[in-house]
Amino acid sequence: MKKFALAASAVMAAAMLPAAAHAGSPDGKIQVKLMGTAVLPDGELTSVPYADPAIAAALPANSNTKADNNVVPTLVFEYFLTPNVSLETYCCVTKHNVTGTEGLAGAEIVDDIYLVPATVTAKYHFTEGPFKPYIGAGPAYFLYLKDKAGPTAQALGASDVDIDDEFGFVLQAGVDFKLNDAGLGLSIDGKRYFIDAVAHYYDDTGAEVLTTKHDLDPWVVSAGLTYRM
Numbered sequence: 093m094k095k096f097a098l099a100a101s102a103v104m105a106a107a108m109l110p111a112a113a114h115a116g117s118p119d120g121k122i123q124v125k126l127m128g129t130a131v132l133p134d135g136e137l138t139s140v141p142y143a144d145p146a147i148a149a150a151l152p153a154n155s156n157t158k159a160d161n162n163v164v165p166t167l168v169f170e171y172f173l174t175p176n177v178s179l180e181t182y183c184c185v186t187k188h189n190v191t192g193t194e195g196l197a198g199a200e201i202v203d204d205i206y207l208v209p210a211t212v213t214a215k216y217h218f219t220e221g222p223f224k225p226y227i228g229a230g231p232a233y234f235l236y237l238k239d240k241a242g243p244t245a246q247a248l249g250a251s252d253v254d255i256d257d258e259f260g261f262v263l264q265a266g267v268d269f270k271l272n273d274a275g276l277g278l279s280i281d282g283k284r285y286f287i288d289a290v291a292h293y294y295d296d297t298g299a300e301v302l303t304t305k306h307d308l309d310p311w312v313v314s315a316g317l318t319y320r321m
């Protein structure tokens with residue numbers, strides 16, 4: 093499924109590239125956006141399906157977790173099927189850490205999580221003028237490229253961690269502003285993902301000693317320049 097999700101995004105992006113040689117136009121079929129993006133996940137602990145007795149005894153009853161925020165550059169590719177309907181995907185890798193709250197306040201649970209939020213949305217644009225609000229929705233597949241157990245998890249006997257890749261759903265809303273007749277513009281975009289995360293922790297022998305489920309459900313907020321051609 094990882095290969096399929098990455099290939100789908102790559103094919104869509106590649107299909108848009110031949111038009112790159114065309115002059116910019118506010119009514120062109122291709123729009124490229126260079127954005128600054130804030131990724132704001134939740135990370136709340138929702139359940140512990142399995143815990144080794146020794147680890148279970150060390151976990152406070154009110155244990156909880158959170159994932160930290162990150163700001164990353166993103167490259168967005170959009171293809172207009174009609175003046176009002178488009179398909180969009182974007183490229184980004186974001187890094188996060190998971191730490192403890194409440195009974196686990198300050199605990200370092202998972203470090204250096206590298207995540208690709210493979211996403212395709214169908215969008216509807218309400219107007220065709222210089223001010224173009226839109227809404228969108230589509231599937232998402234979160235691919236975890238790298239993660240490692242934090243010092244607190246290692247101290248409890250979990251030397252390795254693996255987070256499951258997950259399918260989810262995203263809702264989107266935003267607005268594009270036309271700056272000139274050569275295709276240049278500004279864009280403000282907000283997405284809300286609905287997706288969970290399951291983490292598996294293993295000891296030095298490879299035996300699973302802990303499984304945790306989390307609400308991820310990030311907000312992803314972007315702003316930047318657009319070029320339509």
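So for the sequence shown, my numbering puts the first residue at 93; every next one is plus one.
Backbone N, C-alpha and C fix where the C-beta goes; we use that ideal spot for every residue, glycine too.
Exposed or buried, residue i, counting other C-beta atoms within 10 Å across all chains shown (16 or more means buried)?
{"i": "D281", "result": "buried"}
{"i": "V168", "result": "buried"}
{"i": "V202", "result": "buried"}
{"i": "S178", "result": "buried"}
{"i": "F223", "result": "exposed"}
{"i": "Y206", "result": "exposed"}
{"i": "D239", "result": "buried"}
{"i": "L196", "result": "buried"}
{"i": "A232", "result": "buried"}
{"i": "V208", "result": "buried"}
{"i": "G228", "result": "buried"}
Please report how far the alpha carbon of residue i lies from the alpha carbon of residue j, in whole angstroms.
{"i": "D268", "j": "E194", "result": "41 Å"}
{"i": "G260", "j": "G230", "result": "9 Å"}
{"i": "E180", "j": "V140", "result": "36 Å"}
{"i": "A291", "j": "E220", "result": "45 Å"}
{"i": "V253", "j": "G242", "result": "9 Å"}
{"i": "L248", "j": "A150", "result": "8 Å"}
{"i": "I255", "j": "S117", "result": "43 Å"}
{"i": "V313", "j": "P152", "result": "34 Å"}
{"i": "T138", "j": "D288", "result": "9 Å"}
{"i": "A274", "j": "Y236", "result": "39 Å"}
Below 8 Å on the Cβ atoms is my guess for residue i versus residue j; work out the distance and round it to an integer in Å.
{"i": "L317", "j": "D144", "result": "L317 to D144, Cβ: 51 Å. No contact."}
{"i": "S251", "j": "D296", "result": "5 Å"}
{"i": "G120", "j": "M321", "result": "4 Å"}
{"i": "N142", "j": "E300", "result": "With the sequence shown as reference, residue 142 is identified as Tyr, and Asn is not the correct amino acid for it. Their Cβ separation, rounded to whole angstroms, is 7 Å, which keeps Y142 and E300 in contact under 8 Å."}
{"i": "N161", "j": "L132", "result": "5 Å"}
{"i": "V262", "j": "T213", "result": "6 Å"}
In this structure, how does DSSP classify residue i when only helix, strand and coil are distinguished?
{"i": "T174", "result": "coil"}
{"i": "P141", "result": "strand"}
{"i": "P243", "result": "helix"}
{"i": "I147", "result": "helix"}
{"i": "A210", "result": "strand"}
{"i": "A197", "result": "coil"}
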